[in-house]
Structure formats: C-alpha cells, structure tokens
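J.: Take a look at this one; I'll ask things after.
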Amino acid sequence: MFTNWKQGLVGAVATATLTLPLTAAGALSDDKIKIGVLSDMSGVYKSLEGPGAVIAAQMAIEDFGGSVMGKPIEIISADHQNKPDIGASTAREWIDAKDVDMITALDNSSVALSVQGLAKDKKIITMNTGAGTTALTEEQCTPYGIHYVYDTHALPVGTATAMVKNGGKSWFFITADYAFGHSLRDNTGAVVKSLGGEVVGNVNAPLSTNDFSSYLLQAQSSGADVIGLANAGQDTVNAIKQANQFRIVQSGQKLAGMLVFLTDVHSMGLDIAQGLQFTTAFVWNQNEETKAWSNRFNERHGAMPTMVQAGVYSAVTNYLKAVEETGTDDSDTVRAKLGEMTLNDMFVKGGKIAPNGSMLHDMYLVEVKKPSESKSEWDLLNVISKIPADQAYISMADTKCSLVN
Amino acid sequence: MQVILAQALLGLNVGVFYAILSLGLAVIFGLLNIINFAHGAMYMLGAFIALIGYSLLEQWFGISLQVGFWASLLVAPVIVGILGVLIERLLLKRLYDLDHIYGLLLTFGITLILQGLFANYFNVSGTPYPGQPEALSGVVNLGFMYFPTYRLFAIVFSLVVCFATWWVIEHTKLGSRLRAGVENPDLTQAFGLNVPLMVTLTFAFGAGLAGLAGVLAAPIYSVSPLMGADLIIVVFAVVVIGGMGSIMGAILSGLALGLIEGLTKVFYPPAASTVIFFLMVLVLLFRPAGLFGKEK
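Below you can see the structure in the form of structure tokens.
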C-alpha cells in the first residue's frame, strides 16, 4: 500500500506540474466553487461525521446564499472507507477531473495525512474537521492544510489533567492501532507524566474491534488507576459498554474516554456513560445560537450534531467568506485571507488559523449527565470548564512545523 | 492466577465459536469432501436473520412481528439450512466430479456476494443486536471475575450442540448411515439408501450450525457483514490443526485453540492473534493430517 501511495504521489506531482493553475486573481476557476466532503460513510466513524457532515456542508452553502460572487457552489461527497489509498485516489480524481476547490471532513488520521500530502502538491486547501493527529500541523504540516476542530494535543490537556488532579496517577492505555491512536496515547502519556503520573501499560487493539473484553482484563490486571481509551467512535462505545458488562468501573478503576462524541454518549445511554468526562469543541445546547443551528441540523439529519459536524459547517462558511472577500479561489490567496480572519460563528468565537494550519480556539471539559439530570433525549452533557485556546493547542513557539520555525 | 483464569474463560468463550464453526466445516468436508468457504458467510447470515427478525421486519416489510432471541435460535439455522439446500442442489452438485478447488472458488464467490449485499444495506463496522433476553442480561460473580450471564449461556449451549452432533454422527443409526455413504456411496445406494438426499441434508445441517453460531454471536459481537470473514480464516486453521473431517478433532481443537489464544494474551499479548497460525504451521510440518486426522 505504501509503495502505491508513494508512486501515486510521484504521479500527482508530475500531473500538478503539467496543470499549474492558470487562474487570474479576481476570478473563479471553472466558474464555480466545488466543495468535497470526504468521510467515513459506512464504518466506525459514520455516525460522528459521515452523512451528517454532508448535511452540515449543505446547510453552510444554503445559509451563504447558494452562490459566491454570482457563481454556484456545489458539493460532492464520497466514502474513504478508512483506507488511505482509497482516500487519496478519490481526492486525486476530485481535484484532477472534477475541479474540487476545497476538501473537508477527512476523519481518520491515516486518510487525512495521505490526502493532505496530496493536496499540498495540488495546491488545494484541506479543512480537516474529523482527524485527530497533531502530525497534520506539526511534522507533516503543509501551506494548505488546516486542522479545524480538535487535535490529540487539545484532548488530553482537558481530560487527562482533570483525571490526574483527581487522583488518577497511574494509567493503562487501550490504543486504536493506527496513526491517530498512537498520537493520542503518546500525547496523553506526556500530559500524565508532566503532572507527576505514570503510564504502567498499553495494549494496541485493531480499528473496529468488536470484543474488547480481553484488552479490558489486561487493563484491569495492571492495577492502574485509570484506563485510558485512546480510540474513537464505535470502538470507544464498545469498550465502555463491555467495561460495564465486566464490572470494571464498579471494581474501582476509572475509564477515560480520550475522544468521545455526542453520538457515542447517545448510543451508550446515560446509565452506562454517566460521569464520564471528556474534552469537546462544541456543545449543541450551550447557548441560544448553537441550539438554533443544532435544532435545524437535527430536523434534517435525525441526530444532534457532533463537534466535527458543527465544525464542517463553520469551516465551509469561513472558506466561502474568504473566497468572497478575496474574489478568487486561488488557494494561496484564500489561505492567506483565512490566516488574517478572526473566526466568529455559532461554532467558534475568536478563532484564529495559525501559520501551521491549526485553528486555535477554546475547548470545553464536559461530563456526561446522570439520567435524572437529563431533560431530553439529547440533553447529555454538563460543561465543567473552558480550556483556553492557548493551553489547548501547541503554541507557535513550540511547534515542529517547518513552515513556522 | 485470577488473570489466567479470567483470560482462559474468555478464551473458552471464543473457543466455543471456533468449535461450533469448525464442526460444521468438518461435517461438510468429512461427508461431502467440499471445502466450504461460504461457512463464514452462513455465520454472518445467521446473525443478520436474528437482527432483522428482531428489529427490522416492521420497518422493511410492514409486518408487525418480532422474532425474539429464542425463536431466532430455531428460525435462523432453518433459513440458513434452506439456503444451504439451494446452494448444494443448484450449484455445488455440478462440481462434484471436479477438483476440490472448484468448490472452494464457488463458495468463496458466494461469500463475496453475500458480504457485498449486506454491506450495501448495513453498517460495515457493526450494528448492535438489541434482542438479548432479559433473563440472560445479568452478570455472574465467579470469584475471580465478573462474567456476563449471556456469555456463560453461549458457552454451555454451544458445548451441548457440539457434543450432541458428535454423538449423533458417531453413535446413532442415522450417523452410521451417513458414514457409510461417505465410505462407499455406490454400495450404500445399492442398499436402498438415498445418498444424494443425505448429502444435501448434511450440507444443510452444516450450514445451519454456522447460522446457529451467528445467532449466538449476535449479542456478544456487533452484527456486521464482515464478521464471518474475520473468523473463517482462523476456523480453517482450527480444522487443519484438528484434522480435516474429524468431528471430535474439530470440537476439541476449537476449544483448545480458543484457550491457547486467551492464555497467550496473559503471557505475550502481541502474539495472541498469530499463535493459532504458528501452531498450524507446526502441525502441518510434523503431522500433516492434523492431530486427530487419519493419514490416507
């Protein structure tokens, strides 16, 4: 697979050189804007991003008026099946044959890294809402890659800090065995150690594991205070449900879901999930503005938005704003404009896109409500504290991104 | 010690699924000489029949009927068995004179078709089965661990099915006729027994066993189009280790390999997913007919 990817990249570079954009400033190439939503439409991450992300992008386009500078805005979507080669070949087809101007969603870090690498050579902006790995804005940062909603640095800053301060000194990780899980585990481990805790063990579980029981028993026998789940989506849901079946929490260990989405909590139910703390970028019923948008989304999608779905709406909206204000879809110009803008909408307040592509914004530490506290089907979370953007994200002084330092 | 017991029990939990699936494969191979690659798909189908029967009949077909878990234990194997009859009568029958490889390729194709069909309508990562009976939803404190009641039930139920099958084939008149049909079909037919019918029913029974395993697995694992594909390779390894066509060999090696896999998770976790294949290589090198198989 890797050789294919590499060969593909070489091919992509060759093609890109032949078809250098001839766009003059002040005009749109091919007389329209086309936005690609590339997501997991059928696998473990379907419910947290997937078809809901397409709806969020459609809403953004409709709310923008359906056109920019009098030209139509189109949307295209596809399933990357959590496979980097499929993601990259779809993105290549979109860019070469279908004139896609910006690609968003890109849940799954392995897919995200491969598409962002390709988009760099093709000079296409990617606004990643779904993937977690900090490599997107650190070691593998690109001039066109934007990481919009959360990353594996921001997640443990909230959750792990809170757990260690409450006495969870020793940690055992159950890690999703690919780029994202490893990145999340390493960053969480670093936070735990910096606060005086220790990591006593780790086990890697393949993506979309059905049966976590033996991993959970390994975690239990390690005697760690906290079992850190460095995974996401259906994997997290299965692990937490099975931990409940095997009475792991009742036997005295704490579970830390390092990346939990609203849909995960909903599918587990409050009986199982209550008291679970995690870090999120968006809480749908936080204020009137978020509620109004989320209710509209719920009417069309049949579920309240996760942070990444809300993030797609915000990313597409701000991309269109930048296109309108600069009067071009030339990626260099639009990216420069996005870097100057202060982002304010229902999803983000005072957000800034840093030179490494990281969108710096506040995050929230939340706790799942008790069944008695919940007033409606989707009333699931209490906000415990706000994590300011400068703590949540890697600072420009510390970044390993070669574009900055 | 607690850890070892706990992982051993979980290993046994996996082992009963290996056993019941490899038993079906062994029955089909032993009596029909077919390497049934569609066995994993039959298992998957059993789980989906349980899922559809429980939660989708009304939504899909407008029938306000709910087939519960207990009923599924009967209904799913029967439906999968009927599909087995169709596959054997309409397709496999034409290939009996050809090499094994043709049957293998045909059944592999059937697997891909069934998987693709279900992947089109269902979540690839799995849909939880909501119909686990209330009576089995609790947890039992075994002293060394808390163990979900349902999993205990699945272990006991599968063991009963496995040994009952073995007993029927080895110790009853029906079983002796089946075995006679395998040894010498022409002679058996001359005694007035309908060998082609026996062959069809045997295939249906093997398929039905896989369907039954699917229903049993549904509440533990999510129901997914690929659940059979994930398991079938391991199950083939189990059959190879036990000895192709040996009924007791399939059952015992299924259980033993589940246990070994579980214990490997205690002592050296990274090897857990490969230990079975390592053993398969050893068995093939030193006892090519398998631990319980007879050299031909």
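One line per chain: the protein sequences are A and B, in this order. Taking our numbering, the leading residue of the first sequence gets 1, the next gets one more, and so forth. Taking our numbering, the leading residue of the second sequence gets 406, the next gets one more, and so forth. Every residue gets a Cβ at the ideal spot worked out from N, C-alpha and C, and that includes glycine. Here the structure is a predicted model, which means the values were calculated and not measured.
Does the contact criterion of 3 or more C-beta pairs under 8 Å hold for the stretch 353–362 of chain A versus the stretch 288–306 of chain A?
T.: no
J.: Following a CB-centred definition, is residue 40 of chain A positioned closer than 8 Å to any heavy atom of the ligand SAM?
T.: The ligand SAM is absent from the structure shown, which contains no ligand whatsoever.
J.: Applying the criterion that 16 or more other CB atoms from any shown protein chain within 10 Å of the CB defines a buried residue, is residue 422 of chain B buried or exposed?
T.: Position 17 of the second sequence, counted from the start, is the residue given in the question as residue 422 of chain B. By the 10 Å Cβ count, residue 422 of chain B comes out buried.
J.: According to DSSP, which residues form a beta bridge with residue 79 of chain A?
T.: Counting from 1 along the first sequence, the entry for residue 79 of chain A is found at position 79. Its beta-bridge partners are A/39.
J.: Hey, out of A/317, A/294, A/244, whose CA is closest to residue 306 of chain A's CA?
T.: Translated into the one-based positions of the first sequence, residue 306 of chain A becomes position 306. Cα-wise, what sits closest to residue 306 of chain A is A/294.
J.: What's the C-alpha gap between residue 324 of chain A and residue 249 of chain A?
T.: Taking the first residue of the first sequence as position 1, residue 324 of chain A is located at position 324. Taking the first residue of the first sequence as position 1, residue 249 of chain A is located at position 249. Computed Cα separation, rounded: 52 Å.
J.: Is there a C-beta anywhere in chain B that falls below 9 Å from the one on residue 116 of chain A?
T.: Counting from 1 along the first sequence, the entry for residue 116 of chain A is found at position 116. With 9 Å as the cut-off, residue 116 of chain A does not count as an interface residue toward chain B.
J.: Please report the Cβ distance between residue 618 of chain B and residue 451 of chain B, rounded to the nearest whole angstrom; I am assuming they are in contact, meaning their Cβ atoms lie under 8 Å.
T.: Looking up residue 618 of chain B in the second sequence gives position 213. Looking up residue 451 of chain B in the second sequence gives position 46. Contact holds; Cβ gap of about 7 Å.
J.: Residues of the stretch 624–649 of chain B with a CB closer than 8 Å to any CB of chain A: list them in chain order, please.
T.: 625, 626, 627, 629, 632
J.: Indicate whether the contact test is met: 3 or more Cβ pairs, each with one atom in the stretch 254–261 of chain A and one in the stretch 151–164 of chain A, closer than 8 Å.
T.: yes
J.: Closer than 6 Å by C-beta to residue 477 of chain B: which residues in its own chain qualify, once you throw out the five before and the five after it? Chain order, please.
T.: In the second sequence, residue 477 of chain B corresponds to position 72, counting from 1. 455, 458, 620, listed in sequence order.
J.: Can you pull the chain A neighbours of residue 411 of chain B, defined as C-beta to C-beta under 7 Å?
T.: Your numbering for residue 411 of chain B matches position 6 in the second sequence. Residues of chain A passing the Cβ test: 217.
J.: Would you kindly work out how many angstroms separate the C-alpha atoms of residue 198 of chain A and residue 175 of chain A, rounded to a whole number?
T.: Reading the first sequence from its first residue, position 198 is the one you call residue 198 of chain A. Reading the first sequence from its first residue, position 175 is the one you call residue 175 of chain A. The straight-line gap from Cα to Cα measures roughly 16 Å.
J.: Name the chain C residues whose beta carbon is nearer than 8 Å to that of residue 668 of chain B?
T.: Protein chains in the displayed structure are A and B, and chain C is not among them.
J.: Count the C-beta pairs between the stretch 70–84 of chain A and the stretch 25–42 of chain A that are closer than 8 Å, then say yes if the count reaches three, no if not.
T.: yes
J.: Confirm, please, whether the CB-CB distance from residue 608 of chain B to residue 519 of chain B is below 9 Å.
T.: Stepping through the second sequence from its first residue, residue 519 of chain B is reached at position 114. Stepping through the second sequence from its first residue, residue 608 of chain B is reached at position 203. Residue 608 of chain B is positioned such that its CB atom lies no closer than 9 Å to that of residue 519 of chain B.
J.: Quick check: residue 387 of chain A and residue 138 of chain A, are their CB atoms within less than 9 Å of each other?
T.: Stepping through the first sequence from its first residue, residue 387 of chain A is reached at position 387. Stepping through the first sequence from its first residue, residue 138 of chain A is reached at position 138. 9 Å or more divides the Cβ of residue 387 of chain A from the Cβ of residue 138 of chain A.
J.: Check this for me: beta carbons of residue 655 of chain B and residue 431 of chain B, under 9 Å apart or not?
T.: The residue labelled residue 655 of chain B in the question sits at position 250 within the second sequence. The residue labelled residue 431 of chain B in the question sits at position 26 within the second sequence. Against a cut-off of 9 Å, the Cβ pair of residue 431 of chain B and residue 655 of chain B comes out as a contact.
J.: Which runs of the alpha helix (DSSP H) at least 4 residues long sit entirely within the stretch 568–606 of chain B? Give them in chain order.
T.: 578–588, 590–595
J.: Which whole-angstrom value describes the C-beta separation of residue 415 of chain B and residue 217 of chain A, a residue pair presumed to lie in contact below a C-beta threshold of 8 Å?
T.: Within the second sequence, the letter at position 10 stands for residue 415 of chain B. Within the first sequence, the letter at position 217 stands for residue 217 of chain A. So it is a contact: roughly 7 Å between Cβ atoms.
J.: Could you run through the stretch 22–55 of chain A and flag, in chain order, every residue whose CB is less than 7 Å away from some CB of chain B?
T.: 42, 43, 44, 46
J.: Between the Cα of residue 598 of chain B and those of B/583, B/611, B/610, spot the shortest distance and give me the residue it belongs to.
T.: For the purposes of this step, residue 598 of chain B is taken as residue 193 along the second sequence, with counting starting at 1. Comparing Cα-Cα distances from residue 598 of chain B to each of B/583, B/611, B/610, the minimum goes to B/583.
J.: Taking a cut of 9 Å between CB atoms, which residues from the stretch 245–257 of chain A lie near chain B?
T.: 245, 246, 247, 248, 250, 251
J.: I'd like the span of the alpha helix (DSSP H) that includes residue 465 of chain B, first residue to last.
T.: Here residue 465 of chain B refers to the residue found at position 60 of the second sequence. It spans 462–466 - the alpha helix (DSSP H) in which residue 465 of chain B sits, taken as one unbroken run.
J.: Please return the same chain residues whose Cβ sits closer than 7 Å to the Cβ of residue 695 of chain B, not counting the five positions on each side in sequence.
T.: Translated into the one-based positions of the second sequence, residue 695 of chain B becomes position 290. Cβ within range, chain order: 645, 646, 647, 648, 649, 651, 654, 688.
J.: Run the CB neighbour count on residue 22 of chain A, radius 10 Å, all protein chains shown included, and call it buried at 16 or more, exposed below.
T.: As a working note, residue 22 of chain A is residue 22 in the first sequence. In this predicted model, residue 22 of chain A has a pLDDT of only 43, less than 50, meaning its place in the structure is not dependable; the value taken from the coordinates is given anyway. That one is exposed.
J.: Under 9 Å between C-beta atoms, does residue 194 of chain A make it to chain B?
T.: For this step, residue 194 of chain A is matched to residue 194 along the first sequence. With 9 Å as the cut-off, residue 194 of chain A does not count as an interface residue toward chain B.
J.: Please tell me whether residue 407 of chain B has its Cβ less than 9 Å away from any Cβ of chain A.
T.: As a position in the second sequence, residue 407 of chain B is number 2, starting the count at 1. Closer than 9 Å: yes.
J.: So which residues of chain B does residue 210 of chain A contact, with C-beta pairs closer than 7 Å?
T.: As a working mapping, residue 210 of chain A is identified with position 210 in the first sequence. Within chain B, the residues near residue 210 of chain A are 531, 626, 627.
J.: Note the first and the last residue of the continuous alpha helix (DSSP H) segment covering residue 417 of chain B.
T.: Within the second sequence, the letter at position 12 stands for residue 417 of chain B. Residue 417 of chain B -> alpha helix (DSSP H) spans 407–437.
J.: From A/284, A/200, A/282, A/131, pick the residue whose C-alpha is nearest to that of residue 184 of chain A; which is it?
T.: On the first sequence, position 184 is the one that residue 184 of chain A refers to. Nearest C-alpha to residue 184 of chain A: A/131.
J.: State the CB to CB distance for the pair residue 149 of chain A and residue 281 of chain A, rounded to an integer number of angstroms; the pair is presumed to be in contact (CB under 8 Å).
T.: In the first sequence, residue 149 of chain A corresponds to position 149, counting from 1. In the first sequence, residue 281 of chain A corresponds to position 281, counting from 1. Confirmed, Cβ separation roughly 5 Å.
J.: Which whole-angstrom value is the C-beta distance of residue 408 of chain B and residue 671 of chain B, which I expect to be below 8 Å?
T.: The residue labelled residue 408 of chain B in the question sits at position 3 within the second sequence. The residue labelled residue 671 of chain B in the question sits at position 266 within the second sequence. With 8 Å as the limit, residue 408 of chain B and residue 671 of chain B qualify as a contact, their Cβ atoms being about 6 Å apart.
J.: State the start and end residues of the unbroken alpha helix (DSSP H) segment that holds residue 66 of chain A.
T.: Within the first sequence, numbered from 1, the residue matching residue 66 of chain A stands at position 66. Run containing residue 66 of chain A: none; DSSP gives neither H nor E here.
J.: Out of B/516, B/485, B/499, B/492, point me to the one whose CA is closest to residue 445 of chain B's CA.
T.: Residue numbering aside, residue 445 of chain B sits at position 40 when the second sequence is read from its first letter. Checked all of B/516, B/485, B/499, B/492; the closest Cα to residue 445 of chain B is B/516.
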